[in-house]
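S.K.: Could you have a look at this structure, given as structure tokens, before my questions?
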Amino acid sequence: MARMAGRRTLFAGPVLLVVTFGVFAVAAASPFDPVKAYAGTAGLTASQDNLDQLRANLGVDQPLVTRWWDWLTAALTGDLGDSSTLRQPVADVIGDRLGWSVLLAATAFLVAIVLGTGLGVLAGRRPGGWLDRCVSSAAYTLEAAPAFWLGLLAIWFFALKLDVLPAGGLTDTASDTVTFGQVANHLVLPAAVLGISQLPWFYLYVRQGVADALEEDPVRGARARGLSERTVLLGHALRSGMLPMLTLVGSRVPELITGALLVETVFSWPGIAAATVQAATSVDFPLLAALTVLATAAVLLGNLLSDLLYGIADPRVGFDG
Amino acid sequence: MAARSIHGAMRGAGAAALAGALALTASACSNPGGESGGTAVKDTAVVGIAYEPETLSPLLGYGKDGNSKIFDGLLTQDADMKLKPALAVALPEVSADRLTYTFKLRKGVTFSDGKPFTAKDVVFTYSTILDPKTNNPSKGELDAVKEVRAEGDDTVVFTLKYPYAPFAQRTVLPIVPEHIAGKQDVNTGDFATAPVGTGPYKLVKWSKSEKIAFEANPSYWGGAPKVKKFTMAVIKDDDVRATRLRSGDLDGAILPPNLAQGFEKDKHKKTWTAKTYDYRNVTLPTGNKVTGDTAVRRALDLAVDREAMVDKILDGAGKPAYGPVPTGSPWFAKGTERPHDLAGAKKILDEAGWKPGADGIREKDGVRAAFPLWYLSGDKLRQDHALAYASDAKKAGIEITTKSGTWEVIEPRMKDEAVLAGGGSPGDPDFDQYTLLKSSLAGDGFNNMAWYTDPAVDKALDDGRRSGDTAVRKAAYDTVQRELVKNPGYTFLTHIDHLYVVNDRWDGLSTQTEPHDHGLASGPWWNVETWAPKK
């Protein structure tokens, strides 16, 4: 287990290197002009001299490999550079925002896993029962519903019709201190929407896994031996039924990040997602590279996590066989 | 069908249970969110804006057109866009050759950190912006400045390279404290996110892409504002902004006409319409055989139905445009309005030898009267304008193919293909007309996109820029506008109103004439420091 974690960590280095270079190459090949993006609307009245000066100041007249190498060597010494779109050091951008994104994504993930598993087990016990039919059709519908649309629906219902939850932001718009109560209150809708948009995957996997497992010989055998329904379900069916879901936990991480992007936008959540889009469309190399490293690391960690869980849950699988 | 199944989904056991649980948690946590920021507190205002600035540092371009809330300029503009003194005690003294501007500064003004404001801060601000190492994309606006120096603590003298009539208008630019901004990297220092100024409001917190929170500066030289807390929530999506306004979370917001209409029946809210210099036009590049022909340009100018565009595309919230100067402006040359005249357009084309071909599209010397028209992809308003323009032109026998793309796609083609462009800066007639029409600026960045060249216009633009006499200037800009009728290098289509819906619980609201981009300064909150709660 420790060996697998170590080996994966060794691989992570080269993977990250390749990914950052890829980001620089793709961004350089894109038709977007970082100088135009920096200047914004002012660029539409700026003279060519002014724009050329900006190009030199921002260092975007350098060749691709030079820019990447400069960024990499600086990053290794802890200097992540300055974001040109946000006019701020990249470390500050990430420091300000990452926490809120992690909070949102983690809460949503928890909602999705707990509810998805719970409902999946209940539905898998009696496939075709009323609970299964209700929740399954809801899950299929949810899978087709885009997260931002769910977000608007939730705002309409909970913030407008019922007026019980705030429609957006991290705190009340008029308030300028961040308190636990306010954040908790404002977290409910976006986390619920993001969580619910992820829920069908977990639910459907667990439901199928548990339903299949209940049909397997060991479970039948256990039943035949007269073991209680509870023991059969939790001890036998759930164990093998849960396996596919563990893979899912890891593989859903990227999806969670993209989902968070839309949800953060709808709810004006001050997370990292909005910065990512901005960095990409403005060819903000330093910010984009740092965020890509973060996202790649999250995916690598997610995969490692699911493999570790897999190994723990079912010793037959082993670690990196 | 989809709606019904979602309804079913919401009623699904899990979702309903969750919803109930969430509702309970929320009401247990604190009282409902919308109310505490909304109607209960009288000295607090929260407004929704669509775009946030990239930076709050004036050195990098923030607030260059005035009304920056945190800062003051030497001068400022009132509701009618007339200049009045701010950090200066009076309008500047201008030398006879119009090359020297002397400002006397207000005494006893302090920055919100308590340190005094002096002439050194003014010199620091302007010379830092003009420094080539400073990444300020608008520094071209100060191109006329040769030198700025302090004489003692309370006098600042600007020397210009050439006489530039609108120079005083440029001094609404905010002044920053040298003792703070001078100690850090101008391009990346934290002054851009934690600015300190002399203005009516202090920045409390800027949570990027969420909100900008201000509090009243109690020691403001113009008197402490009555709205003690002022917050701008950054909400890009129009629908979300309207929704949060309706939920009571916002006190006001900028909205597109169709969403603003939804608030017409709301007794507690009032819709404010700001007149603007925000135009949409079509560039007719001189280099193109079709659009470069004066007959085609004049025919298009008459064939286009501007009234219909205002009614159908803008829902009435706008005005026909005949040039960059709006018809309501004192600088507008009366008599240059061109009513829709399809017959007149056809006559011009017939006389110039553009004869209809087999398919109804005109031809002359083997050249088809056809050209492409680009618009910015994703911009619905520009798309609608482009399609309407193409359809009007078709009736006169000119075929326009509309194409959409980003600026990266459009820019290399600007020299000989038409573009649906937008712009507009109020304040001085020089600002728009010089950059749009001066032949020496043809193809310089996004200036003079149509490569317009007209000696009479060039001369009038120089006269208008150099003279200090309003009557001379008015005559010069009248000439420009009349020449544009004879040789329209652009077809101007509309000036677009900006609409704002605001809770009706303050006195003192008004709107200024607004520029093309919706900066923080725009909207009825341009003078929030003078609002007072209604009794």
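Residue numbers (the working numbering), protein chains in the order written: chain A, 1 to 321; chain B, 1001 to 1535.
Glycine is no exception: its CB is placed at the ideal position from the N, C-alpha and C atoms.
Going straight from the alpha carbon of A/THR179 to that of B/SER1440, what length do you get?
M.R.: For A/THR179 and B/SER1440, the distance between alpha carbons rounds to 57 Å.
S.K.: Among residues of its own chain, excluding the 5 on either side of A/GLY120, which ones have a beta-carbon nearer than 6 Å to its beta-carbon?
M.R.: Result list for A/GLY120: TYR203, VAL206, ARG207, in chain order.
S.K.: In chain A, which residues lie with their C-beta within 9 Å of the C-beta of B/LYS1183?
M.R.: Here the premise fails: no neighbours, minimum Cβ distance about 16 Å.
S.K.: According to DSSP, is B/ALA1532 part of a helix, a strand, or is it coil?
M.R.: Residue state, collapsed to three classes: strand.
S.K.: What residues in its chain sit with their C-beta under 8 Å from that of B/ALA1021, if we drop five residues either side in the sequence?
M.R.: Its pLDDT being 41, under 50, B/ALA1021 is placed unreliably in this model, and the value from its coordinates should be taken loosely. No residues qualify anywhere along the chain.
S.K.: Select from the segment 22-38 of chain A all residues with a C-beta closer than 9 Å to any C-beta belonging to chain B, and list them in chain order.
M.R.: Under the 9 Å Cβ criterion, the segment 22-38 of chain A contributes SER30, PRO31, PHE32, ASP33, VAL35, LYS36, TYR38.
S.K.: Look up B/GLN1383 in the DSSP assignment and say whether it is helix, strand or coil.
M.R.: In this structure, B/GLN1383 counts as helix in the three-state DSSP scheme.
S.K.: Would you say A/VAL283 faces chain B, with C-beta separation under 8 Å as the test?
M.R.: For A/VAL283, the answer is no, since every Cβ of chain B falls outside 8 Å of its Cβ.
S.K.: Do B/THR1494 and B/PRO1324 have their C-beta atoms within less than 8 Å of each other?
M.R.: Result no, Cβ atoms of B/THR1494 and B/PRO1324 do not sit closer than 8 Å.
S.K.: Is B/GLN1169 closer than 8 Å to B/GLY1464 when the C-beta atoms are compared?
M.R.: Not a contact, by the Cβ cut-off of 8 Å.
S.K.: Leaving out five residues on either side along the sequence, give the residues of the same chain with a beta carbon under 7 Å from the beta carbon of A/ARG97.
M.R.: Closer than 7 Å at Cβ, skipping near neighbours: PRO270, GLY271, ILE272, ALA275.
S.K.: When you compare only the Cα positions, how much space is there between B/PRO1200 and B/ALA1224?
M.R.: Cα-Cα distance, rounded: 7 Å.
S.K.: Taking only the alpha-carbon atoms, compute the straight-line gap between B/ARG1106 and B/LEU1203 and give it to the nearest angstrom.
M.R.: When rounded, the distance between both Cα atoms is 23 Å.
S.K.: Would you call the CB atoms of B/ALA1442 and B/TYR1452 closer than 8 Å?
M.R.: Yes, they are a contact pair.
S.K.: Buried or exposed: which applies to A/LEU243, given that a residue is buried once 16 or more other Cβ atoms fall within 10 Å of its Cβ?
M.R.: The residue in question, A/LEU243, is buried, as its Cβ has 16 or more Cβ neighbours within 10 Å.
S.K.: In its own chain, which residues sit with a C-beta less than 7 Å from the C-beta of A/ALA260, not counting the 5 before and 5 after it?
M.R.: The answer, listed in chain order, is SER101, LEU104, ALA105, LEU194, GLY271, ALA273.
S.K.: Roughly how many angstroms lie between the CA atoms of B/TRP1221 and B/PHE1117, to the nearest whole one?
M.R.: Using only the alpha carbons, I get a separation of about 11 Å.
S.K.: Taking the beta strand (DSSP E) that B/PHE1214 belongs to, which residues open and close that run?
M.R.: Segment 1211-1216, the beta strand (DSSP E) holding B/PHE1214.
S.K.: Could you give the C-beta distance for B/PRO1092 and B/PHE1431, rounded to a whole number, given that I count them as a contact under 8 Å?
M.R.: The Cβ separation is near 18 Å, so there is no contact.
S.K.: Quick test of your reading: A/PRO31 and A/SER84, contact by CB under 8 Å. State the CB separation rounded to the nearest angstrom.
M.R.: Incorrect: roughly 17 Å between the Cβ atoms, too far for contact.
S.K.: Does the beta carbon of B/ARG1382 come closer than 8 Å to any beta carbon on chain A?
M.R.: So no, B/ARG1382 is outside the interface.
S.K.: Let's test the definition: count the other Cβ atoms within 10 Å of the Cβ of B/ASN1067 and tell me whether it reaches 16, buried, or not, exposed.
M.R.: That one is buried.
S.K.: Specify the secondary structure class of B/GLY1012 as computed by DSSP and reduced to three states.
M.R.: Annotation note: pLDDT 39 at B/GLY1012 (below 50); position unreliable, coordinate value reported separately. B/GLY1012: coil per DSSP, three-state reduction.
S.K.: Just to confirm, is the Cβ distance from B/VAL1172 to B/THR1076 under 8 Å?
M.R.: Yes, the Cβ-Cβ distance between B/VAL1172 and B/THR1076 is below 8 Å.
S.K.: Quick check on this structure: which residue in B/LEU1059, B/ILE1348, B/VAL1157, B/LYS1334 has the alpha carbon closest to the alpha carbon of B/LYS1133?
M.R.: Checking every option, the nearest Cα to that of B/LYS1133 belongs to B/LEU1059.
S.K.: Let me know if B/GLY1038 comes out buried or exposed under the rule of 16 or more other beta-carbons within 10 Å of its beta-carbon.
M.R.: Here B/GLY1038 scores only 42 on pLDDT, less than 50, and its place in the model is too uncertain to base an answer on.
S.K.: Could you give the distance in angstroms between the alpha-carbon of A/ALA2 and the alpha-carbon of A/THR45?
M.R.: So the two alpha carbons sit approximately 59 Å from each other.
S.K.: How would you list, in chain order, the residues of chain B whose beta-carbon sits under 8 Å from the beta-carbon of A/ILE94?
M.R.: Those within 8 Å of A/ILE94 in chain B number zero; the least Cβ separation is about 12 Å.
S.K.: Return helix, strand or coil for A/LEU16, following the three-state DSSP convention.
M.R.: DSSP places A/LEU16 in helix when its eight states are reduced to three.
S.K.: Specify whether the segment 1098-1112 of chain B and the segment 1156-1166 of chain B touch according to this definition: at least 3 beta carbon pairs, one from each stretch, less than 8 Å apart.
M.R.: Touching, per the Cβ criterion.
S.K.: Indicate the three-state DSSP secondary structure (helix, strand or coil) for B/ASN1136 in the structure shown.
M.R.: Three-state DSSP puts B/ASN1136 in coil, outside helix and strand.
S.K.: When the Cα atoms are used, what is the spatial distance from B/LEU1436 to B/GLN1481?
M.R.: Taking the straight line from one Cα to the other gives about 12 Å.
S.K.: With a cut-off of 8 Å, do at least 3 Cβ pairs link the segment 141-148 of chain A to the segment 283-297 of chain A?
M.R.: Flag = no, the segment 141-148 of chain A and the segment 283-297 of chain A do not touch.
S.K.: Out of curiosity, what's the CA-to-CA distance linking B/TRP1506 and B/THR1327?
M.R.: Their Cα atoms are separated by approximately 31 Å.
S.K.: Mind checking which residues open and close the alpha helix (DSSP H) that includes B/MET1309?
M.R.: Taken as a continuous stretch (DSSP letters only), the alpha helix (DSSP H) holding B/MET1309 covers 1306-1312.
S.K.: Could you please tell me which residues of the segment 120-138 of chain A, in chain order, have their CB closer than 8 Å to any CB of chain B?
M.R.: Flagged, chain order: LEU131, CYS134, VAL135, SER137, ALA138.
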